[in-house]
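Each residue of the sequence shown is one higher than the one before, starting from 3 at the first, in the numbering used here. Yeah, the Cβ is synthetic: ideal placement off N, Cα and C, and Gly gets one too.
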Amino acid sequence: MTPETATAADLNGWDAALAGAFEILLGGDPALDGAAAGYGVYYASDTLDEFLFPNPWATPEALSARTPRLLPDLDGEYPFSPSAWRFDLSGSLFRFDAALLEGTGPWGEDGHKGPRPFDDAFVTDLRAVATVDEAGDALVRGAELGTLLDRHGVDLTGARATKLNNWLAVLLRVATDGTLADAMRAATFTGRGPGHLVSVQDIGGDRRADEPWEERLAAVAHPALRDHLRMLCLSEADARSTGGFYCGADHWPWSDALDAVGASLVAGWGFGESQAGAAVVRLPDGPGAP
């Protein structure tokens with residue numbers, strides 16, 4: 003990482019550099035839908051879902067709390083690590099697989115997973131507050147899930163919850179202030195300032211961004227910021243081991259969940275072989291929005 007030597011004057015220039023860089027990434031006016039629109043960031047990971055339970059933070063109290071918190075990173079700190087973020091568990095999205103809720107396939111008395119760790123009453127209440135996606139999976143926010151866990155005495159911190167891994171998944175909501183600028187700062191790992199940029203040396207090798215981003219990012223005047231963003235715009239092949247690739251607003255591996263809750267993709271990134279990713283989204287309007 004580059005040394006933390008930024009002065010107040012540097013930070014003023016830093017804000018301008020970020021605004022210009024975000025305009026390039028977003029392909030135009032970064033204001034998008036204007037000041038009244040709300041934006042957020044979600045993070046998803048196959049590795050996280052594989053080892054999610056039992057989980058000490060999956061309690062009714064923690065899921066219902068609005069205070070952002072750090073979470074342990076299973077892979078340890080590395081460039082572009084989610085350990086840099088604080089998460090809003092109450093606004094995070096938890097997805098229950100349709101077969102899990104229905105007690106079909108591997109679930110139920112005859113299935114190899116056995117009975118669900120909750121009863122039909124829990125499922126009924128869950129469906130009443132859930133949004134259903136195209137696959138029939140049910141999505142609920144952490145605040146709603148926390149209420150249901152408490153009401154039905156369901157424990158996601160004990161050993162019995164282990165069999166839910168990959169059947170109950172999560173899109174973690176990164177804590178931001180609701181503006182597009184702050185969402186972009188979080189998603190690009192630039193929120194901690196110019197002293198926390200990733201350099202080419204941190205990634206290893208002389209990597210170039212995938213086209214057309216190598217050419218477009220040449221317009222970023224701040225050299226260290228330009229190199230940092232290049233490492234987030236690698237080709238999918240180069241990003242398999244380090245760095246990330248930029249999906250833009252075209253597609254994100256977890257877009258189906260965002261669509262189901264009325265959020266729209268603004269900018270997405272993938273890491274590894276698409277095992278993990280972060281996305282900036284335009285949040286739906288109105289009460290009850292995620």
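Beta-carbon proximity check, residue i vs residue j, cutoff 8 Å
i      : j      : result
Thr178 : Ala185 : yes
Ala19  : Leu219 : no
Asp212 : Ser237 : yes
Val202 : Ile26  : no
Leu173 : Ser83  : no
Gly274 : Arg242 : yes
Gly245 : Met233 : yes
Val176 : Tyr45  : yes
Sequence-distant residues of the same chain with beta carbon closer than 7 Å to residue i, five excluded per side
i      : result
Val282 : Tyr41, Val43, Ala185, Met186, Ala189, Val268 and Ala269
Val142 : Phe96, Leu128, Val131 and Ala132
Asp240 : Arg209
Asp139 : Arg97, Phe98, Asp99 and Ala100
Arg118 : Leu102, Gly105 and Trp109
Thr159 : Pro56, Asn57, Pro58, Ala60 and Thr61
Best match in the options for proximity to residue i [C-alpha to C-alpha]
i      : options                        : result
Ser276 : Tyr248, Pro286 and Ala259      : Tyr248
His114 : Phe120, Leu95 and Gly105       : Gly105
Arg88  : Tyr80, Glu111 and Thr69        : Thr69
Cys235 : Val263, Gly279 and Thr159      : Gly279
Ala265 : Ala39, His230, Asn14 and Trp16 : Ala39
Pro225 : Asp121, Gly197 and Trp254      : Gly197
Reduced DSSP category for residue i - H, G, I as helix; E, B as strand; rest coil
i      : result
Val263 : coil
Asp252 : coil
Ala137 : coil
Val176 : strand
Ala10  : Because Ala10 sits at a pLDDT of 46, beneath the cut-off of 50, its placement in the model cannot be relied upon, and the following sentence gives the value as read from the coordinates. Three-state DSSP puts Ala10 in a helix.
Gly113 : coil
Met3   : Because Met3 carries a pLDDT of 41, less than 50, the predicted location of this residue cannot be relied on, and no value is offered for it.
Ala132 : coil
Cβ neighbours of residue i in the same chain (closer than 8 Å, five flanking residues each side left out)
i     : result
Gly30 : none
Neighbourhood of residue i by C-beta distance below 6 Å, restricted to the same chain and skipping five residues each side
i      : result
Gly144 : Leu65, Leu91, Ser92 and Ser94
Val200 : Pro81, His230 and Met233
At a cut of 8 Å, does the region 145-165 reach the region 61-71 through at least three beta carbon pairs? Verdict: yes, contact present.
Contact between the region 86-104 and the region 167-178: three or more CB pairs below 8 Å? yes
For the region 158-165 and the region 128-146, state whether three or more C-beta atom pairs, one from each stretch, are separated by less than 8 Å. With a cut-off of 8 Å, the region 128-146 and the region 158-165 do not count as touching, because too few Cβ pairs lie within range.
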